[in-house]
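Report on one structure; see the data block that follows.
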Amino acid sequence: MILTVEYNIPDMHCKKCAEKISLALQFTAGVSSTIVNLESLHATVQIDPLIINGTKIKAMLGALGFNAMIL
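Position one of the sequence shown corresponds to residue 1 (this note's numbering), numbered consecutively onward.
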């Protein structure tokens with residue numbers, strides 16, 4: 001089963017930020033798809049909940065320097 005988790009990332013302020021987030025998510029085990037939208041400060045992530053959960057991704061984004069809120 002795949003779950004979709006959405007995040008608001010208000011600290012994302014440029015194209016490089018969006019690319020950094022997208023790249024990190026692409027290489028995260030359990031993440032099958034990622035859409036990072038700079039204009040809306042939003043990320044949509046499809047995950048396998050048997051491998052990773054939304055809270056762990058939020059913590060990973062925090063470690064990258066981005067405050068993320070699960071919507």
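Heads up, the beta-carbon is just placed ideally off N, CA and C, and yes, glycines get one too.
Per DSSP, the unbroken alpha helix (DSSP H) holding residue 21 starts and ends at 15 to 26. Minimum Cα-Cα distance from residue 14 among the listed residues 5, 42, 30 corresponds to 42. Beta-bridge annotation (DSSP): residue 6 is paired with 44. Non-local beta-carbon contacts of residue 35 in its own chain, meaning distances under 6 angstroms to residues more than five positions away in sequence, involve 44 in chain order. A straight line joining the alpha-carbon of residue 4 with that of residue 50 spans about 13 angstroms.
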